[in-house]
Every structure is written in structure tokens, then in C-alpha cells.
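Residue numbers for the sequence shown follow UniProt numbering, beginning at 1 and rising by one.
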Amino acid sequence: MNATESATQQASHTAYLSAENGFTVFEYGKTRIRFRAPYSLERYTGVKQWDNGYLVVDAKYRHNTTPEEEYIDLEPVLTDLYIDANHFLQPIQKVEIAHA
């Protein structure tokens with residue numbers, strides 16, 4: 001496998017997290033999921049841990065000058081959207097901050 005194939009394969013197992021207009025956005029492949037974020041969330045600054053749908057991230061809020069640790073559980077969000085969480089999350093190996 002050459003470097004281009006390796007990079008493409010790795011990218012295909014990467015999801016992206018961002019915040020925009022009061023929503024948290026989780027993107028994987030062609031799927032883009034948006035759900036309400038805390039009112040004072042400015043942006044996500046880093047992903048600390050990814051565990052098959054459970055995220056530990058650093059988030060920057062308006063009321064605090066330093067990022068705070070935040071927890072996101074995607075399984076109930078996916079279930080509410082009638083998406084099979086196990087099937088959707090299984091191929092994701094890592095999550096990165098979009099536009100970081």
C-alpha cells in the first residue's frame with residue numbers, strides 16, 4: 001500500500017466534530033448530524049478520547065477564558081434519529097476537530 005492509499009484509508013475512518021450556529025456538528029462520510037449545543041459554546045478545541053460513540057473533548061465557552069472538558073454521547077442522538085448506532089459508529093477509528 002502506498003502513502004496515498006494509506007492516507008485515503010485513514011481519512012475514511014475519521015469523523016469530524018465542530019460547532020456552528022448553536023449546534024454541535026458530527027460528520028462522518030456523507031452523513032452530517034447536527035444537534036443543539038450549550039448556548040455559550042464557541043468552539044471545540046480538541047478531542048481527548050473517542051470510544052465508539054463516546055467523546056471526551058475540550059470546549060471553549062464564552063464565560064470562561066480556558067477550555068473546559070466536555071462529554072458527548074452520540075448513541076442516544078443517533079437512536080433518536082433512527083440511525084443504527086452500532087453500524088454507523090463501528091468503522092470510525094478517530095475523531096478530529098473540523099477547521100482546527
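Think of the CB as a built atom: it goes at the ideal place given N, C-alpha and C, for glycine as much as any other residue. Keep in mind that this is a model prediction, so the values were computed, not measured.
Asked, Found
"For the ligand ZN, any of its heavy atoms closer than 7 angstroms to the Cβ of Thr31?", "The ligand ZN is not part of this structure, which contains no ligands at all."
"State the CB to CB distance for the pair Ala98 and Glu27, rounded to an integer number of angstroms; the pair is presumed to be in contact (CB under 8 angstroms).", "7 angstroms"
"So, are the CB atoms of Pro67 and Asp58 less than 8 angstroms apart?", "yes"
"For Ala37, which three-state DSSP category applies?", "coil"
"DSSP beta-bridge partners for Ala98?", "Answer by DSSP bridge pairing: none, since Ala98 is not bridged."
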